[in-house]
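Numbering (the working numbering), first residue to last: 85 to 350. Structure first, commentary second.
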Ligand SMILES: [Zn+2]
């Protein structure tokens, strides 16, 4: 594990030393939003004031050293599409007229790409030699439908080589809190072709299990040709650490914010 906590002007974000370009996984700390959105909410579609979400984007961008007001964003649908984007796709974060997809890839410099999570698994990918990046929102549904192979395929289209790609699998719901039933267990098992030792664990009730979705994604990346040594996995659970991270499972349907994973080629 080589995730590190960074702090600047009250903004707290996580980075991985496997990724050699500017990037970050945001937390709830350092923003201006109030109530259930306190404080660093980056979402515009769940009821927070737009001026606050904008200011939060500005603060996070300033802390990491990237410009969120000319960046590429996703409209996430728990699918498997990973879209190749370029400078022409740069928009402001408040613009919700975004392409429906759950991942973005680019080889353009100075174009930050973002995906958003609140328990789902954020994955940042970087081929430092061939200068290609991707950001992926991998909930269980996108994961088992193999969004990571889409992401790697799109990166290869841009010139990346799978064995050069470095990956950071960020803060997400942990095994401790990701209780699943038989149907999801079956899907994960199919995804990993039965290689579920250390991924699926017995639950507390009959017909229930616990799953390590980050480990599942790590295994898939290795099968796709990434070097295990180039993959970093956060050990923080967003549900257990609900004061630090946004958690959909913890909050339920009420006011809640979103965190992001972002990366840019310099
Ligand atoms: Zn947990």
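The C-beta atom is built at its ideal place from N, Cα and C for all residues, glycine as well.
Just the Cα atoms here: how many angstroms apart are residue i and residue j?
{"i": "residue 138", "j": "residue 157", "result": "14 Å"}
{"i": "residue 118", "j": "residue 186", "result": "28 Å"}
{"i": "residue 317", "j": "residue 302", "result": "8 Å"}
{"i": "residue 250", "j": "residue 148", "result": "19 Å"}
{"i": "residue 221", "j": "residue 230", "result": "12 Å"}
{"i": "residue 245", "j": "residue 320", "result": "29 Å"}
{"i": "residue 278", "j": "residue 271", "result": "10 Å"}
{"i": "residue 307", "j": "residue 134", "result": "41 Å"}
{"i": "residue 120", "j": "residue 216", "result": "36 Å"}
{"i": "residue 141", "j": "residue 236", "result": "28 Å"}
{"i": "residue 153", "j": "residue 305", "result": "31 Å"}
{"i": "residue 253", "j": "residue 291", "result": "28 Å"}
{"i": "residue 210", "j": "residue 190", "result": "10 Å"}
{"i": "residue 123", "j": "residue 268", "result": "33 Å"}
Going along the chain, which residues of its own chain have a beta-carbon closer than 6 Å to the beta-carbon of residue i, five neighbours each way excluded?
{"i": "residue 275", "result": "228"}
{"i": "residue 94", "result": "114"}
Is it buried or exposed, residue i, if we count other Cβ atoms within 10 angstroms and call 16 or more buried?
{"i": "residue 176", "result": "exposed"}
{"i": "residue 234", "result": "buried"}
{"i": "residue 286", "result": "exposed"}
{"i": "residue 91", "result": "exposed"}
{"i": "residue 159", "result": "exposed"}
{"i": "residue 232", "result": "buried"}
{"i": "residue 136", "result": "buried"}
Using the three-state DSSP reduction, which class does residue i fall into: helix, strand or coil?
{"i": "residue 343", "result": "strand"}
{"i": "residue 193", "result": "strand"}
{"i": "residue 181", "result": "coil"}
{"i": "residue 303", "result": "helix"}
{"i": "residue 131", "result": "coil"}
{"i": "residue 92", "result": "strand"}
Here's a check: name, in chain order, each residue in its chain whose Cβ is nearer than 8 Å to the Cβ of residue i, leaving out the five neighbours to either side.
{"i": "residue 151", "result": "145, 194 and 196"}
Excluding five sequence neighbours on each side, which residues of the same chain lie with their C-beta closer than 7 Å to the C-beta of residue i?
{"i": "residue 262", "result": "294, 295 and 297"}
### Message
Quick check: the segment 155-169 against the segment 217-231, are at least 3 beta-carbon pairs closer than 8 Å?
### Response
Flag = yes, the segment 217-231 and the segment 155-169 touch.
### Touching by the beta-carbon criterion (3+ pairs, under 8 Å), the segment 337-349 and the segment 104-113
At 8 Å Cβ cutoff, the stretches touch.
### the segment 324-343 in contact with the segment 119-127 per 3-pair CB rule at 8 Å
The segment 324-343 vs the segment 119-127: in contact.
### Query
Between the segment 253-273 and the segment 197-208, do three or more beta carbon pairs fall short of 8 Å?
Under the Cβ criterion (8 Å, minimum of three pairs), the segment 253-273 counts as touching the segment 197-208.
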